[in-house]
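Peer 1:
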Amino acid sequence: GAVVSQHPSWVICKSGTSVKIECRSLDFQATTMFWYRQFPKQSLMLMATSNEGSKATYEQGVEKDKFLINHASLTLSTLTVTSAHPEDSSFYICSAPPVPGTEAFFGQGTRLTVV
Amino acid sequence: TQLLEQSPQFLSIQEGENLTVYCNSSSVFSSLQWYRQEPGEGPVLLVTVVTGGEVKKLKRLTFQFGDARKDSSLHITAAQPGDTGLYLCAVSGGTSYGKLTFGQGTILTVHP
Numbered sequence: 001g002a003v004v005s006q007h008p009s010w011v012i013c014k015s016g017t018s019v020k021i022e023c024r025s026l027d028f029q030a031t032t033m034f035w036y037r038q039f040p041k042q043s044l045m046l047m048a049t050s051n052e053g054s055k056a057t058y059e060q061g062v063e064k065d066k067f068l069i070n071h072a073s074l075t076l077s078t079l080t081v082t083s084a085h086p087e088d089s090s091f092y093i094c095s096a097p098p099v100p101g102t103e104a105f106f107g108q109g110t111r112l113t114v115v
Numbered sequence: 001t002q003l004l005e006q007s008p009q010f011l012s013i014q015e016g017e018n019l020t021v022y023c024n025s026s027s028v029f030s031s032l033q034w035y036r037q038e039p040g041e042g043p044v045l046l047v048t049v050v051t052g053g054e055v056k057k058l059k060r061l062t063f064q065f066g067d068a069r070k071d072s073s074l075h076i077t078a079a080q081p082g083d084t085g086l087y088l089c090a091v092s093g094g095t096s097y098g099k100l101t102f103g104q105g106t107i108l109t110v111h112p
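These protein sequence lines are chains A and B, in that order. Last residue of the first sequence: number 115 in this note's numbering, and the count goes up by one each step with no gaps. Last residue of the second sequence: number 112 in this note's numbering, and the count goes up by one each step with no gaps.
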């Protein structure tokens, strides 16, 4: 099956700093990847759609200048949380479809804690 | 307004009991997916239902898609502690199949 890997699995950073999360498709190329955020005991909320070679599409209410997305290659998308604050602490999950328009597979998620 | 209304939000039962989780909407969907997520991990797809009235079985799990394709249910028979987790229904949005909108989720705890 298709494998999507995130790195790191967890990260702790100080308030005001930036942190980068990587999402890689290990055995397929992904022109599109999706970034979700999940707060404890809640569901997943789509943040943005990452498009290889073009700008990301952000969902309403998501600050594009705070959550920078770069889809640098067909196997890598990065999410950078800039000037992180404690309220940004959350579980960030990416997904990617092996074939455009088909089922997307999820990464294992990244637990971000801002102190 | 939530696109998908999932209930119940929490479910705590004893091993061996049966349970049903519901996912309802006023919208019609071409397909609907059910996921299971364990703490600290990403969701894993259990099933995709496509046809109105469709019933799919996965061992002790039975998934049903409503005739009008507006609602779905997940029934677990003889629940086991290993079934514990967060169950999510989801639908795809726009032209991208992988872009998902999730229900609120059901946290299931099965006690031995």
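Glycine included, each C-beta is placed from N, C-alpha and C at the ideal position. On a predicted model such as this, the values are computed, not experimentally measured, just so you know.
Considering just the uninterrupted stretch of the beta strand (DSSP E) at L79 (chain A), what are its terminal residues?
Peer 2: Position 79 of the first sequence, counting from 1, holds the residue named residue 79 (chain A). L79 (chain A) -> beta strand (DSSP E) spans 76 to 81.
Peer 1: What number of angstroms, rounded off, separates the C-alpha of V11 (chain A) from the C-alpha of L112 (chain A)?
Peer 2: On the first sequence, residue 11 (chain A) is found 11 positions in, with the first residue counted as 1. On the first sequence, residue 112 (chain A) is found 112 positions in, with the first residue counted as 1. Distance between the alpha carbons of V11 (chain A) and L112 (chain A) is about 5 Å.
Peer 1: Within the chosen definition, does the region 74 to 84 of chain A reach the region 19 to 38 of chain B through at least 3 CB pairs nearer than 8 Å?
Peer 2: no
Peer 1: Do T20 (chain B) and L108 (chain B) come within 9 Å of each other at the CB atom, strictly closer than that value?
Peer 2: Indexing the second sequence from 1 puts residue 108 (chain B) at position 108. Indexing the second sequence from 1 puts residue 20 (chain B) at position 20. Result no, Cβ atoms of L108 (chain B) and T20 (chain B) do not sit closer than 9 Å.
Peer 1: How would you label P43 (chain B), buried or exposed, when you count the other beta carbons within 10 angstroms and need 16 or more for buried?
Peer 2: Walking along the second sequence from the start, residue 43 (chain B) turns up at place 43. With 16 or more Cβ atoms within 10 Å of its Cβ, P43 (chain B) is classed as buried.
Peer 1: Mind checking whether Q6 (chain A) and I21 (chain A) have CB atoms under 9 Å apart?
Peer 2: Walking along the first sequence from the start, residue 6 (chain A) turns up at place 6. Walking along the first sequence from the start, residue 21 (chain A) turns up at place 21. Yes.
Peer 1: So that I know if they touch, is there some Cβ in chain B lying closer than 9 Å to that of I93 (chain A)?
Peer 2: Here residue 93 (chain A) is taken as the residue at index 93 of the first sequence, counted from 1. Taking Cβ atoms only, chain B reaches closer than 9 Å to I93 (chain A), which makes this a yes.
Peer 1: Determine whether the Cβ of G85 (chain B) lies closer than 9 Å to any Cβ atom of chain A.
Peer 2: Residue numbering aside, residue 85 (chain B) sits at position 85 when the second sequence is read from its first letter. G85 (chain B) does not count as touching chain A.
Peer 1: Is I107 (chain B) near the ligand FAD, in the sense that its beta carbon is under 8 Å from a heavy atom of that ligand?
Peer 2: You won't find the ligand FAD in this model; it holds no ligand whatsoever.
Peer 1: Indicate whether V19 (chain A) and A84 (chain A) have their beta-carbon atoms separated by less than 9 Å.
Peer 2: By 1-based counting over the first sequence, the position of residue 19 (chain A) is 19. By 1-based counting over the first sequence, the position of residue 84 (chain A) is 84. For V19 (chain A) and A84 (chain A), yes; Cβs fall inside 9 Å.
Peer 1: At the 9 Å Cβ level, is F117 (chain A) part of the contact set with chain B, yes or no?
Peer 2: It is not possible to answer for residue 117 (chain A), since the shown part of chain A is limited to 1 through 115.
Peer 1: At a Cβ cut of 9 Å, what residues of the region 32 to 48 of chain B count as close to chain A, listed as they run along the chain?
Peer 2: Q33, Y35, Q37, G40, E41, G42, P43, V44, L45, T48
Peer 1: Could you say which of A:P8, A:S54, A:V114, A:A56 lies nearest to R24 (chain A) if we only look at CA atoms?
Peer 2: Residue numbering aside, residue 24 (chain A) sits at position 24 when the first sequence is read from its first letter. Of A:P8, A:S54, A:V114, A:A56, the residue nearest in Cα terms is A:P8.
Peer 1: With a threshold of 7 Å on Cβ separation, who are the neighbours of R60 (chain B) within its own chain once the five nearest residues in sequence on each side are excluded?
Peer 2: Your numbering for residue 60 (chain B) matches position 60 in the second sequence. Once the five neighbours on either side are set aside, the close Cβ partners of R60 (chain B) are I76, T77, A78.
Peer 1: Do the region 83 to 92 of chain B and the region 28 to 37 of chain B touch if we need at least three Cβ pairs shorter than 8 Å?
Peer 2: yes
Peer 1: What does the alpha-carbon distance come out to for the pair V99 (chain A) and D65 (chain A)?
Peer 2: What you label residue 99 (chain A) is simply residue 99 of the first sequence in a count that begins at 1. What you label residue 65 (chain A) is simply residue 65 of the first sequence in a count that begins at 1. If you take the alpha carbons of V99 (chain A) and D65 (chain A), they lie about 29 Å apart.
Peer 1: Give the DSSP bridge partners of G124 (chain B), in chain order.
Peer 2: In the structure as shown, chain B begins at 1 and stops at 112. Residue 124 (chain B) is therefore absent and cannot be evaluated.
Peer 1: Below 8 Å between beta carbons is the criterion; list the residues of the region 97 to 108 of chain B that meet it against any residue of chain A, in chain order.
Peer 2: Y97, G98, K99, L100, T101, F102, G103, Q104, G105, I107
Peer 1: Would you report the Cα separation of L100 (chain B) and H111 (chain B), rounded to the nearest angstrom?
Peer 2: The count along the second sequence starts at 1 and reaches residue 100 (chain B) at position 100. The count along the second sequence starts at 1 and reaches residue 111 (chain B) at position 111. About 31 Å.
Peer 1: Please confirm whether E103 (chain A) has its beta-carbon closer than 9 Å to some beta-carbon of chain B.
Peer 2: For the purposes of this step, residue 103 (chain A) is taken as residue 103 along the first sequence, with counting starting at 1. Cβ-Cβ to chain B under 9 Å: yes for E103 (chain A).
Peer 1: Roughly how many angstroms lie between the CA atoms of Q33 (chain B) and V50 (chain B), to the nearest whole one?
Peer 2: For the purposes of this step, residue 33 (chain B) is taken as residue 33 along the second sequence, with counting starting at 1. For the purposes of this step, residue 50 (chain B) is taken as residue 50 along the second sequence, with counting starting at 1. In a straight line, the C-alpha of Q33 (chain B) is about 9 Å away from that of V50 (chain B).
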